[in-house]
Amino acid sequence: MSQTPFNIQRAAVIGAGTMGRGIVMCLVNAGVPVQWVDNNPQMLEQALASVADTCAHNVRQGRIDQAEADVRVARVTTAANYAAIADVDLVIEAVYENLELKQRIFRELDALLKPGAILASNTSALDIDAIAAVTGRPGQVLGLHFFSPAHIMKLLEVVRCAKTAPSVLEAALALGKRMGKVSVVAGNCEGFIGNRMLNTYVLEARKMLLEGAYPHQVDAALQGFGFAMGPFRMYDVVGVDLGWRARELAGVGQDAPEVQVDNRLCELGRFGQKSGNGYYHYEAGSRQAEHDVEVDALVLEVSEGLGFQRRDISPEEILERCLLALVNEGAKILEEGIAGSAHDIDLVYLNGYGFPADKGGPMAWADQQGLADIHQRLLALETRQGDHWNPARRIAELAAAGKGFAGR
Ligand code: NAD
1 MSQTPFNIQR AAVIGAGTMG RGIVMCLVNA GVPVQWVDNN PQMLEQALAS VADTCAHNVR
61 QGRIDQAEAD VRVARVTTAA NYAAIADVDL VIEAVYENLE LKQRIFRELD ALLKPGAILA
121 SNTSALDIDA IAAVTGRPGQ VLGLHFFSPA HIMKLLEVVR CAKTAPSVLE AALALGKRMG
181 KVSVVAGNCE GFIGNRMLNT YVLEARKMLL EGAYPHQVDA ALQGFGFAMG PFRMYDVVGV
241 DLGWRARELA GVGQDAPEVQ VDNRLCELGR FGQKSGNGYY HYEAGSRQAE HDVEVDALVL
301 EVSEGLGFQR RDISPEEILE RCLLALVNEG AKILEEGIAG SAHDIDLVYL NGYGFPADKG
361 GPMAWADQQG LADIHQRLLA LETRQGDHWN PARRIAELAA AGKGFAGR
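UniProt numbering numbers the first residue of the sequence shown as 1 and each following residue consecutively.
Following this line, the structure appears as structure tokens:
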């Protein structure tokens, strides 16, 4: 057991949606009693039923017996307000992705919770320092970024804010271990480690749609490399509409050429698996992604409408651009101290993003290629495609020293 003064024995979760449900499962499976708050009583009721269902499913699968299932279900209680959770050791907030809403909740929690309580947010993209700043205990605020479905996915990004105390990080890592997670400490920046790198990778994938590729070709190349799924199949699983709605709400980014295919799909109600159509077609009740010629026609129309002269894009080019985008951003993340090591970045990609295990992660893959080679390939892309391929300083330095990210 950890010697940290912040030993987490009891927790509360705010929000009973997709993420809240998975997070509650993680906690009760690890033996942590949870008090659950949601301002929508119906949502809370459904969420409680979903915890019971998941436990019953685990009994049917022979993973736990009925007595253990009963104990786990009994660990969850609902709470009507924040005063009722004043004694918990940790609160994990998983409400809508909105900074003002989260700040309001943290302000209220800070006023009501015991001084030793830790406050965590499951935000995927918001500035957690800006959330910590509204509390009188910024040293006890951090991000606990779970991946969906939270009780299945192994990865947990533990986001260290500017003022997070080392003992608070230590307590979060100890909890991660109890929950059976692969925990990786990340600095606070947009997208943390995983999504920040993902953004550069999907940007290349989207650019290639405009330049001449089709979604199934991009996915096939990356799946051929060993990714669990390519970016467009991933969008269909996550929901193509999430980014579309977020851009609409923020009032920025909706005009970028790279998101025009997504926008058109959403305008047609093609949100992904959940609506039966997205980048692919899905038969009723099936998750099998089927190539849809209507999507190819839409991609062609959008790219020609934007004035692109389409050309054939080879699987090799698809891999080169998507993988090198990950590696270059990973190197910047190392330079900035957002990740503690290249190995941590690899853990994020292996456990949260379906990177092929036999390749060891993007940074290990780059080391296998040789950083001198990666550096040359980035320079070649920079010549052909522009400044955003400028090699990270870390890559230039390591290549010159004949070293890899792993220091050898
Ligand atoms: P969701 O829409 O499924 O659930 C949000 C819940 O918050 C709802 O049940 C809602 O009733 C509740 N809520 C809203 N305002 C509240 C308030 N004032 N007090 C109490 N409850 C309130 O959302 P989600 O997908 O679970 O996402 C939650 C958070 O997790 C977001 O910050 C999101 O960015 C982040 N996240 C989501 C994913 C994902 O794949 N869905 C992955 C990682 C992180």
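Idealized CB from N, CA, C, for every residue including glycine.
Not one heavy atom of ligand 1 sits closer than 7 angstroms to the Cβ of Met179. Closest by C-alpha distance to Arg178, out of Thr164, Gly17, Val59, Lys154, is Lys154. Counting every other CB atom within 10 Å of its CB across the protein chains shown gives Tyr235 a total of 16 or more, marking it as buried.
Between the stretch 322 to 331 and the stretch 366 to 379, the count of Cβ pairs shorter than 8 angstroms is three or higher; the stretches touch. Rounded to whole angstroms, Thr135 and Glu100 show a C-alpha spacing of 13 angstroms. Within the model, the alpha-carbon separation for Glu290 versus Ala396 is close to 42 angstroms. Every unbroken stretch of the beta strand (DSSP E) spanning 3 or more residues and falling wholly within the stretch 82 to 166 is given here in chain order: 90 to 93, 118 to 121, 141 to 146, 155 to 160. Checking the DSSP bridge columns, you'll see Ala11 partnered with Val34, Leu90. With a threshold of 16 other beta carbon atoms within 10 Å, His375 meets it and is buried. Boundaries of the alpha helix (DSSP H) harbouring Gly305: 293 to 305, taken from the DSSP string. Relative to ligand 1, even the nearest heavy atom lies 7 angstroms or more away from the CB of Ala111. Ile14 and Asp387 have their C-alpha atoms some 43 angstroms from each other.
Straight-line spacing of the CA atoms in Pro41 and Ala47 works out to 10 angstroms. Assignment of Ala213 by DSSP, reduced to helix, strand and coil, places it in the coil class. Secondary structure within the stretch 163 to 201: the beta strand (DSSP E) runs of 3 or more consecutive residues, fully enclosed, are 182 to 187 (chain order). Taking the C-beta atoms as reference points, Ile118 is found nearer than 8 angstroms to Ala171. If you check the CB distance, Ala11 and Asp129 do not come in under 8 angstroms. Thr77 is bridged by DSSP to Gln35.
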